[in-house]
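First comes the structure, then the notes that go with it.
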Amino acid sequence: MSRAARQRTLIVEADGGSRGNPGVAGYGALVRDPDSGRIIARRAEPLGVASNNVAEYSGLIAGLTAAYAIDPGARVEVRMDSKLVVEQMSGRWKIKHEDMKRLALEAREVAQAIAAAGGSVSYSWIPREKNKDADALSNDGMDGRSISEDLWETADSGDAVDVEEPEVSAADVVADADAEAGAAAEPVQAQRMSAGRERPVRLLLVRHAVTDFTVTGRLDGRGGPNPDLNDEGLAQARAVAAGIDAKVGSLPVRFIASDLSRAQDTIRPAARARGLEVEVDPDWDEQNFGEWDGELLRDLVQNKDFRRLRDDEAYAAPGGGETHRELVERVRGALGRALASAPDGGVVVVASHRKPIMVVLADLLGIDLTHAWMLSIGPASFTGLELWSDGHGTISFVNDTNHLRAR
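Residue 339 in this note's numbering sits at position 265 of the sequence shown, and the numbers go up by one each step.
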């Protein structure tokens, strides 16, 4: 008998959702035996705060991984009601957002493993009403439930269930494509967070130590001169290392910093003391202040437009500046990635800047931009959080500078 004649076929149905887009998110996926119609694997996980697109891709990855576990060399037919994911994974639509590029790459790696084992993966779009089982599992995920059931070993018992091949009309495709195009315009806020963890992730946010710009009161964003720490800042970095050691102890740690040198240099002594490298994530960078970068704050406060920057989420400084909304979008994504790869039972230390730290706190507290400015976050200070996978958490301390006074 030829390989084609005996090759097994598996159907993957996957979905994901976000209550708020971005909001509390979760995914669901299942593997179905096409001959009997039985569901032989079920998956669901909460994702914390994420977008619909991230949730849908996460469901796809879970479904492919489950299919690979059942039969690495199977012919896998993926069915999803996300036109965006189906078209992107089929190579017909480009993937623009970096977060989705990473998730699509992860899905392709699983698909390549299936192909390497002699199998194949194909993708087809189905209407939402044909994807109800995966949708129900994604709602389980959004409700905070983790499901991982492998049922293929008991699949010989019970009655078979007929599986309808989806009947897709042109109107269905057009309507869903329009909806997905709108979703694609939404920025991806976060990758998969610490889904399924039984305890929160401990996060220690560190504002960078002082530079000459900090001392003289000059604005310095992600597009500015990027000054190094001065002598005082280097001394603060040593104190930060001692403070991290006191707070973390022997727990496993992951060190992350923005792309700006002052943030990396602030926690590098702490990382080196543990034999670790500082990982760089540019989405933790300070806001881009356009042509105002390097200007004295005392001069800018006389500018009416500068007051708009403080109060208007949609306003960007002239010369290529960044709006507060744009800053929020990328910081949420950076936070999601940090939490997703947190060491189990350990701490994630992130060296960043005033406004990104302000964004994290404001999101958790549910306060607007005007009130967020009231949060004091001094140079080389610590802010401690404990965050659950559903986006909720506790603020343990803010603007802690005790380690600086101890030096």
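Glycine included, every Cβ here is placed at the ideal spot set by N, Cα and C.
Do the segment 310–330 and the segment 288–300 touch if we need at least three Cβ pairs shorter than 8 Å?
no
Exposed unless 16 or more other CB atoms sit within 10 angstroms - verdict on Ala408:
The count along the sequence shown starts at 1 and reaches residue 408 at position 334. Result: buried.
Would you say Val86 and Val98 are within 7 Å of each other, going by their C-beta atoms?
Here residue 86 corresponds to residue number 12 of the sequence shown, with the count starting at 1. Here residue 98 corresponds to residue number 24 of the sequence shown, with the count starting at 1. Not closer than 7 Å, so no.
Output yes or no for whether 7 Å exceeds the beta carbon distance between Ala136 and Asp214.
As a position in the sequence shown, residue 136 is number 62, starting the count at 1. As a position in the sequence shown, residue 214 is number 140, starting the count at 1. Result no, Cβ atoms of Ala136 and Asp214 do not sit closer than 7 Å.
Would you kindly work out how many angstroms separate the C-alpha atoms of Arg266 and Trp358, rounded to a whole number?
For the purposes of this step, residue 266 is identified with residue 192 of the sequence shown, where counting begins at 1. For the purposes of this step, residue 358 is identified with residue 284 of the sequence shown, where counting begins at 1. Confidence at Arg266 is low in this model, with a pLDDT of 34, below 50, so the placement of that residue should be treated as unreliable; the coordinate-derived value is given next. Taking the straight line from one Cα to the other gives about 17 Å.
Would a check of beta-carbon distances place Gly90 closer than 7 Å to chain D?
In the displayed structure, chain D is absent; only one protein chain is listed.
What number of angstroms, rounded off, separates the C-alpha of Met163 from the C-alpha of Arg182?
Translated into positions along the sequence shown, residue 163 becomes position 89. Translated into positions along the sequence shown, residue 182 becomes position 108. Cα to Cα, the separation comes out at about 8 Å.
With DSSP run on the structure shown, which of helix, strand or coil describes Thr468?
Taking the sequence shown and counting its residues from 1, one reaches residue 468 at position 394. In this structure, Thr468 counts as strand in the three-state DSSP scheme.
Per-residue burial, Arg382 [other beta carbons within 10 Å of its own, 16 or more giving buried]:
One-based indexing of the sequence shown puts residue 382 at position 308. Flag for Arg382 reads exposed.
Can you give me the start and stop residues for the beta strand (DSSP E) that Met448 sits inside?
What you label residue 448 is simply residue 374 of the sequence shown in a count that begins at 1. Per DSSP, Met448 belongs to no beta strand (DSSP E) and is neither H nor E.
Got a sec? Which residues, its chain only, sit under 6 Å from Asp355 by beta carbon, not counting five neighbours each side?
Taking the sequence shown and counting its residues from 1, the one referred to as residue 355 is at position 281. Closer than 6 Å at the Cβ level, and outside the excluded window around Asp355, lie Ile330, Ala408.
Sort out for me which residues DSSP pairs Leu278 with in a bridge.
Along the sequence shown, read from residue 1 onward, the residue named residue 278 stands at position 204. Leu278 is bridged to Val423, Gly458.
For Arg346, does the count of other Cβ atoms within 10 angstroms reach 16, so buried, or fall short, so exposed?
Within the sequence shown, the letter at position 272 stands for residue 346. Here Arg346 is exposed, its C-beta having fewer than 16 other C-beta atoms within 10 Å.
Touching by the beta-carbon criterion (3+ pairs, under 8 Å), the segment 300–314 and the segment 333–343
Touching, yes.
Please check the pair Asp155 and Asn205, which I expect to be a contact at CB under 8 Å, by giving their CB distance rounded to whole angstroms.
Along the sequence shown, one-based indexing puts residue 155 at 81. Along the sequence shown, one-based indexing puts residue 205 at 131. Asp155 to Asn205, Cβ: 4 Å. Contact.
With DSSP as the reference, label Pro201 as helix, strand or coil.
For the purposes of this step, residue 201 is taken as the residue at position 127 of the sequence shown. Three-state DSSP puts Pro201 in coil, outside helix and strand.
Could you say which of Asp474, Tyr197, Pro274 lies nearest to Ala453 if we only look at CA atoms?
Indexing the sequence shown from 1 puts residue 453 at position 379. The sequence shown places Pro at residue 453, not Ala. Of Asp474, Tyr197, Pro274, the residue nearest in Cα terms is Asp474.
Looking at the strands, I want to know which residues DSSP matches up with Pro120.
The residue given as residue 120 occupies position 46 in the sequence shown. DSSP lists Gly100 as partners of Pro120.
Whether Ala189 touches Gly133 by CB criterion (7 Å):
Translated into positions along the sequence shown, residue 189 becomes position 115. Translated into positions along the sequence shown, residue 133 becomes position 59. Cβ distance not < 7 Å, so Ala189 and Gly133 don't count as in contact.
Per DSSP, cross-strand counterpart(s) of Asp89
In the sequence shown, the residue the question calls residue 89 occupies position 15. DSSP output for Asp89 lists Gly102 as bridge partner(s).
Assigned secondary structure, Thr83 (DSSP; H/G/I helix, E/B strand, else coil)
Taking the sequence shown and counting its residues from 1, the one referred to as residue 83 is at position 9. Residue state, collapsed to three classes: strand.
Can you tell me whether Ser164 is helix, strand or coil according to DSSP?
Along the sequence shown, read from residue 1 onward, the residue named residue 164 stands at position 90. In this structure, Ser164 counts as coil in the three-state DSSP scheme.
Give the range of the alpha helix (DSSP H) segment to which Asp173 is assigned.
Reading the sequence shown from its first residue, position 99 is the one you call residue 173. Judged by DSSP secondary structure, Asp173 falls within the alpha helix (DSSP H) whose first and last residues are 172–190.
Exposure of Met448, with buried meaning 16 or more beta-carbon neighbours within 10 Å
Along the sequence shown, read from residue 1 onward, the residue named residue 448 stands at position 374. With fewer than 16 Cβ atoms within 10 Å of its Cβ, Met448 is classed as exposed.
Under a Cβ-count criterion, where at least 16 other Cβ atoms within 10 Å of its own Cβ denotes burial, should Glu396 be classed as buried or exposed?
The residue given as residue 396 occupies position 322 in the sequence shown. Buried is the label assigned to Glu396, since at least 16 other Cβ atoms lie within 10 Å of its Cβ.
How do the segment 271–290 and the segment 411–425 stand: do at least 3 beta-carbon pairs fall below 8 Å, yes or no?
Verdict: yes, contact present.
Would you kindly report the start and end of the unbroken beta strand (DSSP E) that includes Val322?
Indexing the sequence shown from 1 puts residue 322 at position 248. Element bounds for Val322: not the beta strand (DSSP E) but the alpha helix (DSSP H), 305–322.
Bridge partners of Gly370, per DSSP?
Residue mapping note: residue 370 aligns to position 296 of the sequence shown, counting from 1. Checking the displayed sequence, the identity of residue 370 turns out to be Leu instead of Gly. In the DSSP output, where bridge partners are listed per residue, Leu370 has Arg292.
Same chain, Cβ closer than 6 Å to Gly152, neighbours up to 5 away in sequence not counted
Position 78 of the sequence shown, counting from 1, holds the residue named residue 152. Going by the sequence as given, residue 152 is Val instead of Gly. The residues are Val86, Tyr197.
Is the Cβ-Cβ distance between Ser194 and Arg149 less than 7 Å?
Within the sequence shown, the letter at position 120 stands for residue 194. Within the sequence shown, the letter at position 75 stands for residue 149. Judged by their CB atoms, Ser194 and Arg149 are nearer to each other than the 7 Å cut-off.
Leu308: beta carbon under 6 Å from a heavy atom of the ligand PLP?
Looking at this structure, you won't find the ligand PLP or any other ligand, since it has none at all.
Whose CA, out of Leu459, Leu401, Ser125, Asp107, lies closest to the CA of Leu413?
As a position in the sequence shown, residue 413 is number 339, starting the count at 1. The residue with the shortest Cα to Cα distance from Leu413 is Leu459.
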